[in-house]
Amino acid sequence: MIGNWCNNRSHTHMMCRQFQPLWTVVATCLLAVSLEPVCAQERPGTARVPGAQSGSPPARQAQAESGTAPRVERPAADTIQQQLPAGMDELLLKWERESARIERLRGDVTRFVYDSVYLVEERSVGKFWYESVDKGRMDFKAVKLPDPPVSRDKQGANGKPYTLESGANERWICNGKEIFLIHDDNKLYDLVRIPPQQQGRNIINGPLPFLFGMKAEQAKARYGLDYGKLHRPEERIVQTKEGKRVRLPVQYHIIATPRTRVDAAEWSRAEVLMYGSFIPKAIRLLNPTGEKETVYAFSEMKVNEKIWINNPFNDRPPSSYTLDNNNRAAAEQPVDPTRPIVPTGGERERR
Numbered sequence: 001m002i003g004n005w006c007n008n009r010s011h012t013h014m015m016c017r018q019f020q021p022l023w024t025v026v027a028t029c030l031l032a033v034s035l036e037p038v039c040a041q042e043r044p045g046t047a048r049v050p051g052a053q054s055g056s057p058p059a060r061q062a063q064a065e066s067g068t069a070p071r072v073e074r075p076a077a078d079t080i081q082q083q084l085p086a087g088m089d090e091l092l093l094k095w096e097r098e099s100a101r102i103e104r105l106r107g108d109v110t111r112f113v114y115d116s117v118y119l120v121e122e123r124s125v126g127k128f129w130y131e132s133v134d135k136g137r138m139d140f141k142a143v144k145l146p147d148p149p150v151s152r153d154k155q156g157a158n159g160k161p162y163t164l165e166s167g168a169n170e171r172w173i174c175n176g177k178e179i180f181l182i183h184d185d186n187k188l189y190d191l192v193r194i195p196p197q198q199q200g201r202n203i204i205n206g207p208l209p210f211l212f213g214m215k216a217e218q219a220k221a222r223y224g225l226d227y228g229k230l231h232r233p234e235e236r237i238v239q240t241k242e243g244k245r246v247r248l249p250v251q252y253h254i255i256a257t258p259r260t261r262v263d264a265a266e267w268s269r270a271e272v273l274m275y276g277s278f279i280p281k282a283i284r285l286l287n288p289t290g291e292k293e294t295v296y297a298f299s300e301m302k303v304n305e306k307i308w309i310n311n312p313f314n315d316r317p318p319s320s321y322t323l324d325n326n327n328r329a330a331a332e333q334p335v336d337p338t339r340p341i342v343p344t345g346g347e348r349e350r351r
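What follows is the structure in structure tokens.
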């Protein structure tokens, strides 16, 4: 599927040009990175809190409310050893070093959500902003669909093409202390307050960390890592069928799988495609059951601009909007390295 991100012009000429990873997973920023982390959007008016599970013991709820719950513990030393492919250690260190230089990032984003059960492809377009270390924003708008609304690129196992749907008009804003998920179509919003111990650089301990700031050693301990098919660590010159010589620049394609139950409850596979400069091009995420795939394609990236006339993280829902859900993000529980990594929970019934 990642190949489609970049080679599918009908998906949008923007994808070729830029996204294709952290991830969120790294995402991209969002953002890498990260923007879907603490409030996963499932339906208007509902916010899902990463790490929070239905039926949690009272003690866990009390810890979350008091803000005293412990941080995620690293797995025991004997559980974090993995055989990395050649060059991965050096690449992770370089990624850590280069991403640490990114203090601000903004650009355009196109989101594709594929539901393999209902054979539906949902599309949204928008913009994103990221500011180190824990601020992010994504604005999405509905798109005009072709007639008939049928995907030309995505088919089910039975050969039936996916039906196209437009995503909702919504905004996701994280100011480091609070997360607002604003549903503009129905004038509702969700609010999640981030406990103090998860703010700032500790936000990387959430189920989907901000990619910028993730240390190489943390990444190796937390994720199974490998290269994807689009990984190209060196520039290549290829010849087209017409005999033209084309230069293919460096790009990095990293695949991550969760090694802890906390992460496995949120996603089962993440792919990040980056330019040689480590700026994200795209991110692909699979949910725990593997039935839903979300792709973010980034373009028109602006790195470390000195001035943003308007602070994108200060926006709040209009006074006419109704608060639909008010939560405190559940603090992560210690990871038991002896427990099998099995995704928990399931997707909500499609509405």
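Under the working numbering, the first residue of the sequence shown is numbered 1, with each subsequent residue one higher.
Virtual Cβ for every residue (Gly too), placed ideally from N, Cα, C.
Cβ-based burial, residue i [other Cβ within 10 Å; buried from 16]
{"i": "Val125", "result": "buried"}
{"i": "Thr110", "result": "buried"}
{"i": "Thr294", "result": "buried"}
{"i": "Ser99", "result": "buried"}
{"i": "Gly136", "result": "buried"}
{"i": "Val117", "result": "exposed"}
C-beta contact flag for residue i and residue j at 8 Å
{"i": "Arg106", "j": "Lys302", "result": "yes"}
{"i": "Asp190", "j": "Arg171", "result": "no"}
{"i": "Gln199", "j": "Lys215", "result": "no"}
{"i": "Lys359", "j": "Tyr275", "result": "One cannot answer for residue 359 here, as it falls past the ends of the chain, which runs 1 to 351."}
{"i": "Pro312", "j": "Phe180", "result": "no"}
{"i": "Val113", "j": "Lys306", "result": "no"}
{"i": "Ala256", "j": "Tyr223", "result": "yes"}
{"i": "Arg97", "j": "Asn304", "result": "no"}
{"i": "Cys174", "j": "Asp134", "result": "yes"}
DSSP-derived helix/strand/coil call for residue i
{"i": "Lys292", "result": "strand"}
{"i": "Lys154", "result": "strand"}
{"i": "Val342", "result": "Bear in mind that the predicted position of Val342 carries a pLDDT of just 37, short of 50, making it unreliable; the figure below should be weighed with that in mind. Val342: coil per DSSP, three-state reduction."}
{"i": "Trp308", "result": "coil"}
{"i": "Met88", "result": "helix"}
{"i": "Gly167", "result": "coil"}
{"i": "Leu93", "result": "helix"}
{"i": "Ser277", "result": "coil"}
{"i": "Ser99", "result": "helix"}
{"i": "Tyr321", "result": "coil"}
{"i": "Arg137", "result": "strand"}
{"i": "Ser132", "result": "coil"}
{"i": "Pro149", "result": "coil"}
{"i": "Gly159", "result": "coil"}
{"i": "Val272", "result": "strand"}
{"i": "Ser299", "result": "strand"}
Spatial neighbours of residue i in its chain, beta-carbon cut-off 6 Å, leaving aside the 5 residues before and after
{"i": "Glu165", "result": "Val120 and Glu122"}
Same chain, Cβ closer than 8 Å to residue i, five either side skipped, listed in chain order
{"i": "Thr240", "result": "Val246"}
Sequence-distant residues of its chain with Cβ nearer than 7 Å to residue i (five each side left out)
{"i": "Leu323", "result": "Tyr189 and Leu191"}
Can you check the segment 191-264 for any beta strand (DSSP E) of at least 3 residues that lies completely inside it and give the ranges in chain order? 223-227, 236-239, 245-248 and 251-258
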